[in-house]
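A short worksheet on the structure shown next.
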Amino acid sequence: MFPLETRPVLLATRAAPIARGRWCWPALLPGVAAALDAAWPIMPAAGALGLLWLDLAALVCLGWATLGERRVRPTDWITPMDGQVVAGLVLALLHVMHLAGEDEPMMWLHQIAAAGACFYALAARLRRDPLAPDAIWPSFAFMVLALGAFTLACATQGTDAVVRATRLVDAHWASDFGLAKTMLLATVLCVGRAAEPDARSLWRVTALVGGVSFVLLAATGGVGLRISSLAGLDEPFYFGTSIVAFMFLSGLARMAWHLARERPAEAGRWRAAAVAFPLVVVLLLFGGTTGGEGVRVFSALAGAAVVAANLAPRAAAGVRPSREAEPPVSHAA
């Protein structure tokens, strides 16, 4: 599961500044795309064949990874999770064929393919940067702030408006209580980031916004967890998908826990990731395969962060980039 080679230690002057420079902006796009698809989709009535904002984000991420002087090498696309990813794609394709191209499983396959492209592009491009986690974590903050603001704005019109907003997001994301599930997962990661010693106050504000929004969503509409969902394990495709997802997420959780010891300055975020991945398993078992685009984008981003950090060289002990070298989004998040 973990690479056997020893990762070099890079001095600050030799470390590639991807994670703190303008070239890191594509890492924000999947989170932005998920928020836009939730509230303002490009083709809301087109179904599974319609264009998603996530598709555009995936194309930009792939272009960022494959073009330019610092484009990735063929071997950089290899990750420890390739077997599980391929198995998940094959199961999703077989599910579509089994149901004769019904719209919902086709939408799931569409989302998995786009999120998977973001996962591979970000993991491949950032795996040589010792500051790879700093490139991806602001995307979780954006998701929490954007979706949290959307939820709180609806709450000003009453609880019925929150319920209607949840249903609207579910229709756009092909999910079931997808907004509450995504807010829970992204908030856990923001709480972990806020617990780190160098965390700015905005991380604590972001975690608070996420927590309040999730509680509001859970109180008004619930999270969609039911014991009866376990009966779905009798269905072959659901059972197979659950097994593959468990293997994928448990592998990422182990890597995240390992990173908490290997990168002590970032221990808060990695412990939070080690908690968030099992939470996805719980949502899968008791909520069905209905997390929708939000949960899939979260899994892709968090997975890319874990894989890239696990393969990246380590920065020299105690070396952190100065705040003056950070782009505006890093000051904000």
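In terms of numbering that gives the first Met the number 0, the sequence shown opens at residue 0 and continues consecutively.
All C-beta atoms, glycine included, are put in the ideal place defined by N, C-alpha and C.
Check: How about the region 143 to 150 and the region 101 to 114: do they share at least three Cβ pairs that are nearer than 8 angstroms?
Finding: No: the two stretches stay apart, fewer than three of their Cβ pairs being nearer than 8 angstroms.
Notebook entry, point to check: Distance, Cα to Cα, Asp233 vs Val190?
Noted result: The count along the sequence shown starts at 1 and reaches residue 233 at position 234. The count along the sequence shown starts at 1 and reaches residue 190 at position 191. Going by the C-alpha atoms only, they are around 36 angstroms apart.
Margin query: Contact between the region 273 to 290 and the region 221 to 233 is defined here as three or more beta-carbon pairs at a separation below 8 angstroms; is this criterion met?
Written below: Segments in contact, yes.
Margin query: Quick check on Gln110: does DSSP put it in helix, strand or coil?
Written below: By 1-based counting over the sequence shown, the position of residue 110 is 111. Residue state, collapsed to three classes: helix.
Notebook entry, point to check: Is DSSP giving Ala255 helix, strand or coil here?
Noted result: Within the sequence shown, residue 255 is the residue found at index 256, counting from 1. DSSP places Ala255 in helix when its eight states are reduced to three.
Next item on the list: Would you mind stating whether Ala64 and Arg70 have Cβ atoms separated by less than 8 angstroms?
Entry: Position 65 of the sequence shown holds residue 64. Position 71 of the sequence shown holds residue 70. Result yes, Cβ atoms of Ala64 and Arg70 sit closer than 8 angstroms.
Note to self: Buried or exposed, going by whether 16 or more other CB atoms sit within 10 Å of the CB of His97?
What the structure shows: One-based indexing of the sequence shown puts residue 97 at position 98. Answer is exposed; the Cβ neighbour count stays below 16.
Notebook entry, point to check: How is the alpha helix (DSSP H) around Gly293 delimited, first residue to last?
Noted result: Start at 1 with the first residue of the sequence shown, and residue 293 comes out as number 294. Gly293 -> alpha helix (DSSP H) spans 291 to 310.
Next item on the list: Return the first residue and the last residue of the alpha helix (DSSP H) that Met80 is part of.
Entry: In the sequence shown, residue 80 corresponds to position 81, counting from 1. Taken as a continuous stretch (DSSP letters only), Met80 belongs to no alpha helix (DSSP H), as it is neither H nor E.
Notebook entry, point to check: Okay, do the region 301 to 314 and the region 119 to 132 touch, 3+ Cβ pairs below 8 angstroms being the bar?
Noted result: yes
Item checked: When Thr240, Leu183, Ala230, Leu61 are compared against Val337, the one with the closest alpha-carbon -> Nothing about residue 337 can be read from this structure; the chain reaches only from 0 to 332.
Check: Rounded to a whole number of angstroms, what is the C-alpha to C-alpha distance between Val204 and Asp175?
Finding: One-based indexing of the sequence shown puts residue 204 at position 205. One-based indexing of the sequence shown puts residue 175 at position 176. Rounded to the nearest angstrom, the two C-alpha atoms are 27 angstroms apart.
Next item on the list: Measure the C-alpha to C-alpha separation of Val162 and Glu292 and round it to an integer number of angstroms.
Entry: By 1-based counting over the sequence shown, the position of residue 162 is 163. By 1-based counting over the sequence shown, the position of residue 292 is 293. Their Cα atoms are separated by approximately 19 angstroms.
Note to self: When you compare the region 44 to 55 with the region 22 to 33, are there three or more beta-carbon pairs, one atom per stretch, that lie closer than 8 angstroms?
What the structure shows: yes
Next item on the list: Taking only the alpha-carbon atoms, compute the straight-line gap between His257 and Arg295 and give it to the nearest angstrom.
Entry: Along the sequence shown, read from residue 1 onward, the residue named residue 257 stands at position 258. Along the sequence shown, read from residue 1 onward, the residue named residue 295 stands at position 296. Going by the C-alpha atoms only, they are around 23 angstroms apart.
Check: If Ala301 and Ala275 are in contact, beta carbons under 8 angstroms, what's the gap, nearest whole angstrom?
Finding: By 1-based counting over the sequence shown, the position of residue 301 is 302. By 1-based counting over the sequence shown, the position of residue 275 is 276. About 7 angstroms; that satisfies the 8 angstroms criterion.
Margin query: I need the DSSP call for Glu261, collapsed to helix, strand or coil.
Written below: Locating residue 261 in the sequence shown gives position 262, where the first residue counts as 1. DSSP places Glu261 in helix when its eight states are reduced to three.
Margin query: Contact defined as beta carbons within less than 8 angstroms: I believe Gly157 pairs with Gly290. What is the distance between those atoms, to the nearest angstrom?
Written below: Within the sequence shown, residue 157 is the residue found at index 158, counting from 1. Within the sequence shown, residue 290 is the residue found at index 291, counting from 1. So it is not a contact: roughly 26 angstroms between Cβ atoms.
Item checked: Where Arg70 falls: helix, strand or coil (DSSP) -> By one-based count along the sequence shown, residue 70 stands at place 71. In this structure, Arg70 counts as coil in the three-state DSSP scheme.
Check: Which term fits Thr186, buried or exposed, when burial requires 16 or more other beta carbons within 10 angstroms of its beta carbon?
Finding: On the sequence shown, position 187 is the one that residue 186 refers to. Burial check for Thr186: the Cβ neighbour count within 10 Å reaches 16 or more, so the residue is buried.
Next item on the list: Reducing DSSP to helix, strand and coil, say where Met42 ends up.
Entry: In the sequence shown, counting from the first residue as 1, residue 42 sits at position 43. Three-state DSSP puts Met42 in coil, outside helix and strand.
Next item on the list: Determine the extent of the alpha helix (DSSP H) in which Thr165 is found, giving its start and end residues.
Entry: Start at 1 with the first residue of the sequence shown, and residue 165 comes out as number 166. Unbroken alpha helix (DSSP H) run through Thr165: 158 to 172.
Item checked: Contacting residues, own chain, Cβ-Cβ under 6 angstroms from Leu229 (five flanking each side not counted) -> Your numbering for residue 229 matches position 230 in the sequence shown. By the criterion of a C-beta distance shorter than 6 angstroms, Leu229 is surrounded by no residue of its chain, once the five residues flanking it on both sides are discounted.
Next item on the list: Count the other CB atoms, across all protein chains shown, that sit within 10 Å of the CB of Ser212; report buried if there are 16 or more and exposed otherwise.
Entry: Within the sequence shown, the letter at position 213 stands for residue 212. Buried is the call here.
Note to self: Distance check for Gly210 and Ala217, CA to CA, integer angstroms please.
What the structure shows: The sequence position of residue 217 within the sequence shown is 218, counting from 1. The sequence position of residue 210 within the sequence shown is 211, counting from 1. Straight-line Cα distance between these residues: approximately 11 angstroms.
Notebook entry, point to check: Which one of Ala206, Cys23, Leu167 has the shortest CA to CA distance from Val59?
Noted result: As a working note, residue 59 is residue 60 in the sequence shown. For Val59, the closest alpha carbon among the candidates Ala206, Cys23, Leu167 is that of Cys23.
Check: Straight-line CA distance for Asp133 to Pro235?
Finding: Within the sequence shown, the letter at position 134 stands for residue 133. Within the sequence shown, the letter at position 236 stands for residue 235. Linking Asp133 to Pro235 through their CA atoms gives a straight-line distance of about 39 angstroms.
Item checked: Closest by C-alpha distance to Gly40, when choosing among Leu207, Ala173, Ser298 -> Within the sequence shown, numbered from 1, the residue matching residue 40 stands at position 41. The residue you asked about is not Gly; residue 40 is Pro in the sequence shown. Of the listed residues, the one whose Cα sits closest to Pro40 is Ala173.
Check: Got a sec? Which residues, its chain only, sit under 6 angstroms from Trp136 by beta carbon, not counting five neighbours each side?
Finding: The residue you call residue 136 lines up with position 137 of the sequence shown. The answer, listed in chain order, is Arg192.
Check: Is the beta carbon of Ala299 sitting closer than 8 angstroms to the one on Ala273?
Finding: On the sequence shown, residue 299 is found 300 positions in, with the first residue counted as 1. On the sequence shown, residue 273 is found 274 positions in, with the first residue counted as 1. At least 8 angstroms separates the beta-carbon of Ala299 from that of Ala273.
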